[in-house]
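When we follow this note's numbering, the leftmost residue of the sequence shown carries the number 261, and every step to the right adds one.
Before any comments, here is the structure.
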Amino acid sequence: MNLDSIIFDLDGTLWDSTQGVMESFNKTISKYNEVKDKLTIEDIKGIMGLCIEDIALRFFPYLDKEKGLEIIKCCCEEECGHLENKGGILYDGLEETLKKLASTHKLFIVSNCQCGYIEAFFKAHGLSKYFKDYENPGRTGLTKGENIKLIIERNNLKSPIYVGDTDGDLKAARFASIPFIYARYGFGEVTGYDYAIDSFKELYKIIMP
Numbered sequence: 261m262n263l264d265s266i267i268f269d270l271d272g273t274l275w276d277s278t279q280g281v282m283e284s285f286n287k288t289i290s291k292y293n294e295v296k297d298k299l300t301i302e303d304i305k306g307i308m309g310l311c312i313e314d315i316a317l318r319f320f321p322y323l324d325k326e327k328g329l330e331i332i333k334c335c336c337e338e339e340c341g342h343l344e345n346k347g348g349i350l351y352d353g354l355e356e357t358l359k360k361l362a363s364t365h366k367l368f369i370v371s372n373c374q375c376g377y378i379e380a381f382f383k384a385h386g387l388s389k390y391f392k393d394y395e396n397p398g399r400t401g402l403t404k405g406e407n408i409k410l411i412i413e414r415n416n417l418k419s420p421i422y423v424g425d426t427d428g429d430l431k432a433a434r435f436a437s438i439p440f441i442y443a444r445y446g447f448g449e450v451t452g453y454d455y456a457i458d459s460f461k462e463l464y465k466i467i468m469p
């Protein structure tokens, strides 16, 4: 495959942070009497890849829209510090594969997250050295597809590919007019992808056949 760069989604593609996210979210929402129930791992898996406005609607449909968004923003602030210290579950062979890929390609992250989340991933696991740049809507206010295009333009990429695990990731890649690799081991169900992998380690075989 003739590529000069690989752009990655984060949740469900590089790591599984659902346990830490659940713990930090529940710690935060316990402070709000208007929140009815604690969140479960399945709840968290169901919102991976969504923007914070959609997460607020999913978790708190019974609350005023502004109140739900306020709570989610507080959850996200707690989340980053928690994950920076605790980390998440890295998918099997992640660092070994990133190291090999980074020796031949430029690597990037574009995720639908808030400021500080990608940085928490880097700090918890010492992986920033493999990535040239990253972007998120918390910093730009842009959609995932727009952020992919921003990374492409900012880094003068000629032949990138996007790796993700949800239908939203596929749509973002299509918006940016680049190929898409579906990480089937992640959280989403996707059809119409260009390539698929069942483990992160398989990516090297697709990129460097």
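For glycine and all other residues, C-beta sits at the position ideal for the given N, C-alpha and C.
Predicted model, so just to flag it, every value in this text is computed and none were measured.
Should T364 and M261 be called a contact, given that it needs their Cβ atoms to be closer than 8 angstroms?
no
Rounded to whole angstroms, what is the Cα-Cα separation between K238 and N416?
With the chain covering only 261 through 469, there is no way to say anything about residue 238.
Just the C-alpha distance for K409 and T403, rounded to the nearest angstrom, thanks.
10 angstroms
Measure the C-alpha to C-alpha separation of H385 and G347 and round it to an integer number of angstroms.
7 angstroms
Bridge-paired residues (DSSP) for E395:
V370
What three-state label does DSSP hand V450 in the structure shown?
coil
Cβ shell of L270 (< 8 angstroms), same chain only, five flanking positions each side left out
I369, S371, C373, Y377, I378 and F381
Best match in F460, D324, K360 and L430 for proximity to L350 [C-alpha to C-alpha]:
F460
Sequence-distant residues of the same chain with beta carbon closer than 8 angstroms to K383, five excluded per side:
E344
Are G428 and G309 closer than 8 angstroms when you measure CB to CB?
yes
Taking the beta strand (DSSP E) that S265 falls in, what are its first and last residues?
S265 to F268
Reduced DSSP category for A436 - H, G, I as helix; E, B as strand; rest coil:
coil
Residue environment, Y442, which counts as buried when at least 16 other CB atoms sit within 10 Å
buried
Top-ranked residue by Cα proximity to L263, from I438, R444, V450 and E462:
I438
Report yes if the CB atom of V281 is closer than 8 angstroms to the CB atom of F320, and no otherwise.
no
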